[in-house]
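Residue numbers (the numbering used here): 5 to 83.
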């Protein structure tokens with residue numbers, strides 16, 4: 005049995021960059037949270053559902069050293 009040596013320095017840099025981009029995206033999304041009296045937008049709810057499901061799958065992909073597939077999220081965003 006071999007022990008994992010952890011991330012290489014390149015992988016660590018890539019993770020750090022991804023986290024920075026994720027943080028910027030989260031701040032952007034937070035600035036656009038609808039008010040309680042906003043009208044219901046079914047497409048936005050669908051996008052949130054797809055984003056939540058794909059984020060969970062992406063976490064598994066990253067842990068297993070696979071590139072996440074964001075195709076469904078992109079489709080929901082364009083819808």
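Note that beta-carbon positions come from the ideal geometry of N, C-alpha and C, so glycine has one too. Bear in mind the structure is a predicted one, so any value in this text is a computation, not a measurement.
Item: What three-state label does DSSP hand residue 82 in the structure shown?; Value: helix
Item: From the DSSP output, in three-state form, read off residue 77 for me.; Value: helix
Item: Suppose contacts are defined by Cβ-Cβ distances below 8 Å. Is residue 80 in contact with residue 51 by that definition?; Value: yes
Item: Beta-carbon within less than 7 Å of residue 40's beta-carbon, same chain only, minus the 5 sequence neighbours each way: which residues are those?; Value: none
Item: Consider the C-beta atom of residue 19 and the heavy atoms of the ligand GDP; say whether any pair is separated by less than 7 Å.; Value: Summarising the ligand content, the structure contains no ligands, and the ligand GDP is consequently not present.
Item: By the 10 Å Cβ neighbour count, where 16 or more other Cβ atoms means buried, how is residue 58 classified, buried or exposed?; Value: buried
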